[in-house]
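Residue numbers (the working numbering): 19 to 524. The structure appears right after this line, and notes come after that.
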Ligand code: TRP
Ligand code: ZN
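Okay, structure coming up:
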């Protein structure tokens, strides 16, 4: 068990850890909120609207420079990605209409129409967009002024948007989308492949192919239309609602009804063999595989219905309206990703990886971390799902996996004890082994504390309690304590979840 490779290309963990970051509220409304040490000075963030509103409208008009409303702000104060997401509004729907021309000079042309709700009277608001050229922006059909600085696209609507009003912003854009390199050294964003491209968004890659509120705390429904040269396919999240060819181009439309965080949105363009089927309870399965990986993928992907049945038993009712997988031939990617409905694999996966990514549909895609610091709620759970799968299918018990990790886990997972799962310290350590392996060990310690039956109920209950929502580590510990009020979790939290170094043997 311990010999399974990490889910992600290993990168150096030698950098010293940043000191513990204090908890910072992500809701940009409290004027007294402390500033995260990692956050750059952000004059446009919460204090302005809060102060303006506190002064009352008449005074605010004077105090806030005679302009009705206040700007939304350039981030939501994520402790590790302070500029990710934007303040002042909440997106409810993305309608993306894209055309992609692969080749030596790839080109993406797009129109993004976002439906959003203003949180306060907005004089301006930001979208996150990295690279690409913006040709025009409208708000509710009227041309709006806009400016760009780094990943922030600032939009100034002709008229301020009243608090709580629903508005539509349309952005026309084009260019060659960028590939980003994460602080942890992995590549994401727009990844050209031999026959097309693959868009992967964790944690901030989605801003390379569409403008949006790119933070996991703002989930929305999606409609995506993609036009590609005839002979290629465009595969995304949700369900395929249309496919039509004319003039040498094929247009695919995809619909995602359930709330989706933008980092699990995907688009795969290329040659794919498509297989459609249904699970035992009638859930549509849509699998797209690069022909080069088809033979190696077939026996593994054939187990999707079996894995889904097992996972529904373990984690409760599946949160989405279809499932499947996208298997590309993209060795340069080096990791799989739990893109909603159908995870992406850069090559034919093994069963453990498939179980991991399908488990993420509950833990990550449906119950989504409130901030990037809460990553272990994704990776610890998905890793524990692999342990449970092994235990339930004749492999080692989770206890044995735990024991082996405790005894000599560092041999296979260097840096296993470098930091606590709940506090990776900075963006460079989000995908570190403590988040995955030690995160799973936290769950096993909870299981030992409450017992097997209560633990299984707890997994299902947690997935149900925050279904299609967001949750952070404090929500989780509170949930565990509430479900097992007579148990003592002091050591689990203090040593395993938040403590430095290898905890004493349990
Ligand atoms: N979430 C992916 C998985 O384990 C791995 C991954 C890809 C990742 N990009 C990341 C983890 C960025 C942390 C940060 O299935
Ligand atoms: Zn994972």
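Heads up, the beta-carbon is just placed ideally off N, CA and C, and yes, glycines get one too.
- Under the DSSP definition of a beta bridge, residue 488 partners with 386.
- If you check the CB distance, residue 222 and residue 102 come in under 8 Å.
- Closest by C-alpha distance to residue 231, out of 283, 202, 369, is 283.
- Contact check between the stretch 321 to 338 and the stretch 182 to 201: fewer than three CB pairs, one atom from each, fall below 8 Å, which does not count as touching.
- When only Cα atoms are considered, residue 442 and residue 360 end up about 27 Å apart.
- Nearest to residue 179 by alpha-carbon distance, out of 149, 134, 233, is 134.
- The stretch 470 to 488 makes no contact with the stretch 357 to 373, as fewer than three CB pairs between them are under 8 Å.
- Boundaries of the beta strand (DSSP E) harbouring residue 165: 163 to 167, taken from the DSSP string.
- Spanning the alpha carbons of residue 402 and residue 139 requires a straight line of approximately 44 Å.
- Boundaries of the alpha helix (DSSP H) around residue 399: 394 to 410.
- The stretch 313 to 324 and the stretch 265 to 275 do not touch, with fewer than three beta-carbon pairs separated by less than 8 Å.
- Scanning the stretch 134 to 166 from its first residue to its last, no whole alpha helix (DSSP H) run of 4-plus residues comes out.
- The shortest CA-to-CA distance from residue 492 to any of 470, 345, 516, 414 is the one to 516.
- One thing to note: residue 118 has its Cβ within 8 Å of the Cβ of residue 246.
- The alpha carbon of residue 240 has as its nearest neighbour, out of 446, 362, 132, the alpha carbon of 132.
- Shown here, residue 128 sits in a strand according to DSSP, grouped into three states.
- Annotation for residue 461: the continuous alpha helix (DSSP H) segment containing it runs 457 to 468.
- Going by C-alpha positions, residue 137 is about 8 Å away from residue 183.
- Around the CB of residue 169, 16 or more other CB atoms lie within 10 Å, so the residue is classed as buried.
- Closest in C-alpha terms to residue 432, from the list 452, 420, 458, 514, comes 452.
- Within 7 Å of the C-beta of residue 232 there is not a single heavy atom belonging to the ligand TRP.
- Annotated as distal: residue 345 and residue 385, with beta-carbon spacing of 8 Å or more.
- Within a 10 Å sphere around the beta-carbon of residue 123 sit fewer than 16 other beta-carbons, which makes this residue exposed.
- Its Cα nearest to that of residue 514, the residue 398 stands out among 430, 503, 398.
- In its chain, beyond the 5 residues on either side, 125, 126, 149, 150, 151 have a beta carbon closer than 8 Å to the beta carbon of residue 193.
- By the 16-neighbour rule on beta-carbons within 10 angstroms, residue 144 is buried.
- With a cut-off of 7 Å, the C-beta of residue 397 is classified as near the ligand ZN, since at least one heavy atom of the ligand falls inside that distance.
- Between the beta-carbon of residue 278 and that of residue 358 there is about 5 Å, and that keeps the pair under the 8 Å contact cut.
- Shortest Cα-Cα distance from residue 251 to any of 213, 468, 225 involves 213.
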